[in-house]
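The sequence shown lines up with residues 14 to 181 when you count with our numbering.
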Amino acid sequence: MAREIAPPESVDDVDAVTQAVLTASRLLVAVSARSLAHVEDRVTLPQFRMLVALSTRGTTKLVTLAELLHVAPSTAMRMLDRLITAGLADRKTNPHNRRETLLRLTDEGHRTVENVTARRREEITSIVQRLAPHQRTALIHALNDFNEAGGEPPAPLLDESAELHPLG
């Protein structure tokens with residue numbers, strides 16, 4: 014069922030790569046959506062992004078979290094209120110500056126991020142296992158180059174950390 018993509022010599026290389034990346038992006042979005050399916054009654058995709066940001070960032074201020082997510086602080090506050098109601102996040106007064114509120118994940122919030130990430134990792138592993146070894150090697154090089162060009166630091170390997178990397 015593989016669809017033919019025009020060979021790079023017949024189209025501009027940038028266009029061919031962009032088409033391939035857009036297709037891969039569509040696949041990864043579908044994988045992400047399926048990995049969230051078991052929590053979608055409690056968490057929307059934007060809320061999950063907030064959980065991931067809190068997971069990777071740790072305890073943080075609302076303004077910082079809003080900047081990370083590229084949303085207005087009022088939007089971040091509404092999202093956070095829903096996560097607090099769901100028992101996935103909480104807020105506390107900063108002991109060093111009583112005017113500030115600090116945000117963090119609850120244990121349930123951490124478990125949610127870990128479970129969704131594990132599901133995503135399992136599905137991606139299943140897809141990668143269908144590739145021949147030489148294709149896997151080529152994909153590693155291509156994605157590492159792509160990630161570097163986009164300024165994205167590498168995710169730790171599964172055995173580098175006791176926890177799964179929230180994004181992957």
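The beta-carbon is built from N, C-alpha and C at its ideal position, and this holds for glycine as well.
Cβ shell of residue i (< 8 Å), same chain only, five flanking positions each side left out
{"i": "L67", "result": "T73, L78, A102, L116, R117, L118 and G122"}
{"i": "E113", "result": "K74, T106 and N107"}
N- and C-terminal bounds of the alpha helix (DSSP H) containing residue i
{"i": "A33", "result": "D26 to L49"}
{"i": "A162", "result": "P146 to A162"}
Cα-Cα separation, residue i to residue j
{"i": "T69", "j": "R143", "result": "30 Å"}
{"i": "T36", "j": "H109", "result": "48 Å"}
{"i": "I137", "j": "V44", "result": "8 Å"}
{"i": "V42", "j": "T31", "result": "16 Å"}
Local Cβ density within 10 Å of residue i, reported as buried at 16 or more and exposed below that
{"i": "A139", "result": "According to the sequence as given, residue 139 is Ser; it is not Ala. Exposed, by the Cβ-count rule."}
{"i": "L57", "result": "Before going on, a small fix: residue 57 reads as Thr here, not Leu. T57 is exposed by the Cβ-count criterion."}
{"i": "A89", "result": "buried"}
{"i": "E52", "result": "First, the residue type needs correcting, since residue 52 is Val and not Glu in the sequence shown. Label assigned to V52: buried."}
Presumed contact (8 Å Cβ cut-off) between residue i and residue j, rounded CB distance
{"i": "L96", "j": "L75", "result": "So it is not a contact: roughly 12 Å between Cβ atoms."}
Same chain, Cβ closer than 7 Å to residue i, five either side skipped, listed in chain order
{"i": "R55", "result": "A99"}
{"i": "S48", "result": "V129, R132, R133 and E136"}
Boundaries (first-last residue) of the beta strand (DSSP E) holding residue i
{"i": "T130", "result": "From DSSP, T130 is part of no beta strand (DSSP E) but of the alpha helix (DSSP H) over D120 to Q142."}
Other residues of its chain near residue i: CB distance less than 6 Å, five sequence neighbours each side excluded
{"i": "R91", "result": "none"}
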